[in-house]
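Notes to accompany the following structure.
Numbering (this note's numbering), first residue to last: 55 to 356.
Below, the structure written as structure tokens:
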């Protein structure tokens with residue numbers, strides 16, 4: 055007989071952790087969508103940078119729902135396209151805000167995940183890794199949002215399942231990312247890091263630091279990236295090496311965020327790693343901050 059408690063061990067304060075992690079996920083999802091609001095028509099609308107028919111060619115042969123499907127339905131109700139497009143985006147933003155204020159968490163966690171998937175399907179050529187990582191975070195947040203609606207023992211099992219699922223997801227992501235890099239030669243001669251800096255780093259910053267970086271540094275950074283990603287699933291299992299792997303991964307993503315500008319991708323990857331392997335420490339850290347703020351408010355009152 056399968057011992058589910060061994061596979062999905064009981065996690066202390068699962069309900070409180072779910073509340074905290076859900077809030078963090080939805081907050082960063084809100085900041086992410088707000089950050090692209092000025093360019094959202096260019097990214098996803100019919101008159102954007104990429105024609106929707108071209109974007110559709112890159113989706114799988116299976117029909118996937120996109121924003122065009124929703125806006126076309128609204129247009130059939132005599133709602134102008136641009137207004138229909140804005141309504142969908144506002145519905146997504148509203149679902150995030152309402153969740154953050156504690157209204158209908160199950161409903162709005164599902165709505166946010168569904169609408170984000172539509173947005174992701176509609177912007178295949180203009181989306182990047184951060185959008186995919188956010189879609190997974192929004193998915194596990196649906197599980198987190200059940201914390202007040204199912205018995206404690208069942209939710210503990212569901213929470214543990216979501217943690218295991220996140221761990222497996224990260225192991226697959228990093229291993230195949232490293233495997234893909236190892237098939238070429240750019241990550242062995244250092245050209246990959248140099249090209250990444252040249253293409254994505256701020257031009258002024260790049261020109262200022264490039265004279266001071268020896269070619270060997272690019273090779274070391276490239277090899278380090280390949281090795282840490284390839285060995286991630288094996289090193290993360292061992293409790294002795296887990297801490298160092300997570301620290302190195304966090305440093306790697308901080309560097310990606312600061313040097314290349316992929317801020318939300320870095321935040322989402324760091325958040326996934328912490329939820330997956332250090333959820334106790336993450337919860338304790340924010341719990342201590344909350345207690346300090348509460349004490350400060352109490353002290354000011356008197």
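By construction, the Cβ of each residue, glycine as well, lies at the ideal position given by its N, Cα and C atoms.
Per-residue burial, residue i [other beta carbons within 10 Å of its own, 16 or more giving buried]
i           : result
residue 79  : buried
residue 210 : buried
residue 120 : buried
residue 199 : buried
residue 55  : Low confidence applies here, because residue 55 scores a pLDDT of 46, under 50, leaving its location unreliable; read the following figure in that light. So residue 55 counts as exposed.
residue 266 : exposed
residue 76  : buried
residue 346 : exposed
residue 155 : exposed
residue 350 : exposed
residue 204 : exposed
residue 291 : exposed
residue 326 : buried
residue 259 : exposed
residue 261 : exposed
residue 348 : exposed
residue 295 : exposed
residue 220 : buried
residue 170 : buried
residue 222 : exposed
residue 179 : exposed
residue 331 : buried
residue 122 : buried
residue 139 : buried
Host alpha helix (DSSP H) of residue i (start-end)
i           : result
residue 136 : 135 to 154
residue 94  : 94 to 98
residue 331 : 317 to 331
residue 189 : 183 to 198
residue 179 : Here residue 179 belongs to no alpha helix (DSSP H), and DSSP marks it neither H nor E.
residue 71  : 68 to 89
residue 203 : Residue 203 -> no alpha helix (DSSP H), and no H or E assigned at all.
residue 120 : No alpha helix (DSSP H) contains residue 120, which DSSP labels as neither H nor E.
Same chain, Cβ closer than 8 Å to residue i, five either side skipped, listed in chain order
i           : result
residue 270 : 244
residue 333 : 65, 71, 75 and 217
residue 322 : 82, 184, 187, 188 and 191
residue 158 : 152
residue 343 : none
residue 88  : 147
residue 167 : 189, 192, 193, 195 and 196
Cβ shell of residue i (< 6 Å), same chain only, five flanking positions each side left out
i           : result
residue 69  : 201
residue 275 : 247
residue 304 : 324
residue 124 : 142
residue 232 : 280, 283 and 284
residue 338 : none
residue 306 : none
residue 263 : none
residue 289 : 295 and 299
residue 272 : 244, 247 and 248
residue 336 : 328
Chain C within 9 Å of residue i, Cβ atoms only
i          : result
residue 72 : Given the protein chain composition of this structure (a single chain), no chain C is represented.
Any non-hydrogen atom of the ligand HEM closer than 8 Å to residue i Cβ
i           : result
residue 215 : Here there are no bound small molecules, and the ligand HEM is not part of this structure.
Close Cβ partners of residue i (< 7 Å) along its chain, the five nearest in sequence each way excluded
i           : result
residue 255 : 313 and 314
Q) Mind pulling the alpha helix (DSSP H) runs of 4 or more residues that sit fully within the segment 224 to 307? A) 240 to 243, 245 to 254, 257 to 263 and 269 to 291
Q: Would you be able to state if there are at least three C-beta pairs under 8 Å between the segment 188 to 199 and the segment 151 to 168?
A: yes
(Q) Counting beta carbon pairs with one atom in the segment 272 to 291 and one in the segment 310 to 320, are three or more of them shorter than 8 Å? (A) no
Q | Three or more C-beta pairs below 8 Å linking the segment 225 to 242 and the segment 282 to 296 | A | yes
Q: Would you check if there are 3 or more beta carbon pairs closer than 8 Å linking the segment 125 to 138 to the segment 170 to 177?
A: no
Q: May I ask you to verify whether the segment 142 to 157 touches the segment 85 to 100, counting CB pairs closer than 8 Å and requiring at least 3?
A: yes
Q. Using 8 Å as the threshold, is the segment 217 to 231 in touch with the segment 250 to 261, meaning 3 or more CB pairs across them?
A. no
Q) Between the segment 146 to 156 and the segment 80 to 88, do at least 3 Cβ pairs fall closer than 8 Å? A) yes
Q) Is there contact between the segment 177 to 192 and the segment 315 to 335, where contact requires at least three CB pairs shorter than 8 Å? A) yes
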